[in-house]
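Enquirer: Every letter in the sequence shown is one number past the one before it in this note's numbering, and letter 174, counting from 1, is 174. We treat Cβ as the ideally placed atom computed from N, Cα and C, and that holds for glycine. Predicted model, so just to flag it, every value in this text is computed and none were measured.
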Amino acid sequence: MTPILLIEQVLNGLQSGVMLFLMAAGLTLIFGVMGLINLAHGSLYMVGAFAAAAVSAVTGSFLLALIAALAAAAAAGAVIEVAVIRRLYDRDHLDQVLATFALILIFSEGTRYLFGSFPLFLDIPKALAGPVSLPGGIQYPLYRLVIILAGLLIALGLFALIARTRIGIQIRAGAADREMIAALGIDISRLYTLIFALGAALAGVAGALVGAIQSVQVGMGEPVLILAFVVIVIGGIGSIKGAFVGALLVGLTDTLGSVLLPMFFAGFMEPAAATSVGASLSSMLIYILMAGVLLFKPTGLFGEA
């Protein structure tokens with residue numbers, strides 16, 4: 001592998017990682033504070049992507065598409081928290097899994113009814129289309145660099161929100177002792193709705209950003225949701241810092257593995273066999289990484305018992 005190809009794949013891994021962080025951050029907030037297993041989080045990612053594609057098709061504005069994705073996902077999150085999720089906090093985790101799985105089916109069929117079964121496409125803005133020259137003669141898509149930068153800025157904003165604001169203090173206190181903050185007069189129901197809407201908005205923005213580099217289709221959120229669960233297990237449930245580190249590790253491992261393993265096996269196998277074996281093993285790498293982390297630190301890298 002040439003140095004240029006390696007750097008390009010590292011950048012691809014970073015881009016994948018920051019998008020996974022937007023998914024995993026909302027998921028870990030919801031589970032860490034509410035103790036809720038939300039399988040429908042991937043559906044909110046899909047809602048953001050479809051809202052962005054629909055608004056972009058009508059207005060031609062990518063900025064308006066992003067705003068629509070954030071608003072639609074946050075609104076959907078708030079509605080399902082009030083209508084469904086609020087009744088599940090004191091229920092068994094199995095009830096939560098069944099109810100949020102039902103929400104996946106509702107969102108999938110509802111989206112198919114509104115938009116049809118065929119994929120939609122969200123165009124990259126003209127100002128961000130094409131490659132940009134990086135040091136060393138590397139040509140890399142400008143839009144992917146913008147995704148990395150946007151993801152990092154959102155991550156910094158989320159860290160600041162959690163660490164520096166009154167709402168952040170309430171969120172951290174809710175994760176530590178929900179009964180105590182309720183006794184201190186905090187409206188726990190409103191706080192839960194806010195957290196759920198925030199997590200949904202992060203997922204929706206991720207769906208919109210990724211929707212411009214792949215097709216927008218029904219069910220697109222479920223594979224990302226699986227990776228997001230891997231991320232929060234690696235980073236530690238309830239830890240935003242853990243979600244960020246875990247997302248970067250998963251993104252880099254998945255991207256580099258899919259390139260390096262086929263190249264490795266190509267040295268002593270037929271090209272077709274090397275590609276097949278390498279692709280199969282690369283899809284296992286993130287789960288091997290997760291198992292390795294749990295073997296030495298069962299609570300995840302930054303999780304607490």
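For Met220, which residues in the same chain have their Cβ closer than 6 Å to its Cβ, ignoring the five residues on either side in sequence?
Expert: If you number the sequence shown from 1, residue 220 lands on position 220. The residues are Met46.
Enquirer: Closest to Ile37 by CA distance: which of Leu88, Ser43, Leu70 and Ala54 is it?
Expert: The residue given as residue 37 occupies position 37 in the sequence shown. Here the closest residue by C-alpha is Leu88.
Enquirer: Need the endpoints of the alpha helix (DSSP H) that Pro3 sits in, please.
Expert: Numbered from 1 along the sequence shown, position 3 holds the residue referred to as residue 3. Run containing Pro3: Pro3 to Met34, per the alpha helix (DSSP H) assignment.
Enquirer: Between the Cα of Leu249 and the Cα atoms of Leu5, Leu11 and Ala76, which residue gives the shortest distance?
Expert: Position 249 of the sequence shown, counted from the first residue, corresponds to residue 249. Cα-wise, what sits closest to Leu249 is Leu11.
Enquirer: Between Val216 and Ala203, what straight-line distance do the alpha-carbon atoms span, to the nearest angstrom?
Expert: As a working note, residue 216 is residue 216 in the sequence shown. As a working note, residue 203 is residue 203 in the sequence shown. Their backbone Cα atoms lie some 14 Å apart in a straight line.
Enquirer: Write down every uninterrupted run of the alpha helix (DSSP H) in the region 206-283 whose length is 4 residues or greater and which is fully enclosed by it, in chain order.
Expert: Here the runs fully enclosed are 221-235 and 240-265.
Enquirer: Where does the unbroken beta strand (DSSP E) through Ser133 begin, and where does it stop?
Expert: Looking up residue 133 in the sequence shown gives position 133. It spans Pro131 to Leu134 - the beta strand (DSSP E) in which Ser133 sits, taken as one unbroken run.
Enquirer: Is it buried or exposed for Glu109, if we count other Cβ within 10 angstroms and need 16 for buried?
Expert: On the sequence shown, residue 109 is found 109 positions in, with the first residue counted as 1. Glu109 comes out exposed.
Enquirer: Taking C-alpha atoms, which residue in Glu8, Ile154, Gly267 and Ser258 lies nearest to Ala24?
Expert: Working through the sequence shown from its first residue, we reach residue 24 at position 24. Nearest option by C-alpha distance: Ile154.
Enquirer: Check whether the region 77-86 touches the region 141-148, counting contact only when three or more Cβ pairs, one atom from each stretch, lie closer than 8 Å.
Expert: Because the criterion of three Cβ pairs below 8 Å is not met, the region 77-86 and the region 141-148 do not touch.
Enquirer: Would you list the one or two residues that DSSP bridges to Tyr140?
Expert: Residue mapping note: residue 140 aligns to position 140 of the sequence shown, counting from 1. DSSP, once it has assigned bridges, lists Val132 as partnering Tyr140.
Enquirer: With a CB to CB cut of under 8 Å and the five nearest residues on each side skipped, what residues in its chain are close to Phe121?
Expert: Position 121 of the sequence shown, counted from the start, is the residue given in the question as residue 121. Ala53, Ser215 and Val216.
Enquirer: Just to confirm my understanding: we take Thr111, look at its own chain, exclude 5 residues before and 5 after, and list those with CB closer than 7 Å. What are they?
Expert: In the sequence shown, the residue the question calls residue 111 occupies position 111. Within the same chain, Thr111 has close Cβ partners Met46, Phe50 and Val218.
Enquirer: Judging by CA-CA distance, which residue of Ala291, Ile237, Ile288 and Ala65 is the nearest neighbour of Gly26?
Expert: By 1-based counting over the sequence shown, the position of residue 26 is 26. Per the Cα distances, Ile237.
Enquirer: Based on DSSP bridge pairs, tell me the residues matched to Leu120.
Expert: Taking the sequence shown and counting its residues from 1, one reaches residue 120 at position 120. Its beta-bridge partners are Val216.
Enquirer: Quick one, which of Leu22, Phe31, Thr255 and Phe196 has its alpha-carbon nearest His93's?
Expert: Here the question's residue 93 lines up with position 93 in the sequence shown. Out of Leu22, Phe31, Thr255 and Phe196, Phe31 has the C-alpha closest to the C-alpha of His93.
Enquirer: Expressed to the nearest angstrom, what Euclidean distance is found between the alpha-carbon atoms of Ala72 and Thr193?
Expert: Taking the sequence shown and counting its residues from 1, one reaches residue 72 at position 72. Taking the sequence shown and counting its residues from 1, one reaches residue 193 at position 193. Rounded to whole angstroms, Ala72 to Thr193 spans 15 Å at the Cα level.
Enquirer: Hey, how far is the Cα of Tyr113 from the Cα of Ala102?
Expert: Counting from one through the sequence shown, the residue named residue 113 turns up at place 113. Counting from one through the sequence shown, the residue named residue 102 turns up at place 102. Cα-Cα distance, rounded: 17 Å.
Enquirer: Are the beta-carbon atoms belonging to Thr28 and Ile240 less than 9 Å from one another?
Expert: Here residue 28 corresponds to residue number 28 of the sequence shown, with the count starting at 1. Here residue 240 corresponds to residue number 240 of the sequence shown, with the count starting at 1. It is a contact, given that the beta carbons lie within the stated cut-off.
Enquirer: Just how far apart, CA to CA, sit Gly17 and Gly235?
Expert: Stepping through the sequence shown from its first residue, residue 17 is reached at position 17. Stepping through the sequence shown from its first residue, residue 235 is reached at position 235. Rounded to whole angstroms, Gly17 to Gly235 spans 13 Å at the Cα level.
Enquirer: Would Gly199 pass as a contact of Ala69 if the rule is Cβ separation under 9 Å?
Expert: Taking the sequence shown and counting its residues from 1, one reaches residue 199 at position 199. Taking the sequence shown and counting its residues from 1, one reaches residue 69 at position 69. In this structure, Ala69 does not lie closer than 9 Å to Gly199 by Cβ.
Enquirer: Checking 9 Å against the spacing of the C-beta atoms, do Ile147 and Met19 come in under that value?
Expert: Counted from its first residue, the sequence shown places residue 147 at position 147. Counted from its first residue, the sequence shown places residue 19 at position 19. It is a contact, given that the beta carbons lie within the stated cut-off.
Enquirer: Terminal residues of the continuous alpha helix (DSSP H) containing Tyr89?
Expert: Working through the sequence shown from its first residue, we reach residue 89 at position 89. No alpha helix (DSSP H) holds Tyr89; DSSP gives it neither H nor E.
Enquirer: DSSP three-state label for Gly300, please.
Expert: On the sequence shown, position 300 is the one that residue 300 refers to. DSSP places Gly300 in coil when its eight states are reduced to three.
Enquirer: To which residues of the same chain is Val205 closer than 8 Å at the C-beta, ignoring the five residues directly before and after it?
Expert: One-based indexing of the sequence shown puts residue 205 at position 205. Contacts found: Leu22, Gly48, Leu66, Ala69, Leu70, Ala73 and Ile154.
Enquirer: Taking the straight line between their C-alpha atoms, what separation do you get for Leu225 and Val84?
Expert: Within the sequence shown, residue 225 is the residue found at index 225, counting from 1. Within the sequence shown, residue 84 is the residue found at index 84, counting from 1. So the two alpha carbons sit approximately 20 Å from each other.
Enquirer: Return yes when the Cβ of Gly13 is within less than 9 Å of the Cβ of Thr275, no when it is not.
Expert: Here residue 275 refers to the residue found at position 275 when the sequence shown is read from its first residue. Here residue 13 refers to the residue found at position 13 when the sequence shown is read from its first residue. Their beta carbons are not under 9 Å apart, which means Thr275 does not touch Gly13 by this criterion.
Enquirer: Is the beta carbon of Val5 sitting closer than 9 Å to the one on Val259?
Expert: Numbered from its first residue, the sequence shown carries residue 5 at position 5. Numbered from its first residue, the sequence shown carries residue 259 at position 259. For clarity, residue 5 is Leu in the given sequence; the question names Val instead. In this structure, Val259 lies closer than 9 Å to Leu5 by Cβ.
Enquirer: So the candidates are Ala160, Ala127, Ile162 and Gly157; which of them puts its Cα closest to the Cα of Leu145?
Expert: Reading the sequence shown from its first residue, position 145 is the one you call residue 145. Checking every option, the nearest Cα to that of Leu145 belongs to Ala127.
Enquirer: Kindly indicate which three-state DSSP category Ala185 falls into: helix, strand or coil?
Expert: Indexing the sequence shown from 1 puts residue 185 at position 185. The sequence shown places Gly at residue 185, not Ala. Coil.
Enquirer: Can you check whether the CB of Leu301 is closer than 9 Å to the CB of Gly246?
Expert: As a working mapping, residue 246 is identified with position 246 in the sequence shown. As a working mapping, residue 301 is identified with position 301 in the sequence shown. In contact: Gly246 and Leu301 (Cβ atoms closer than 9 Å).
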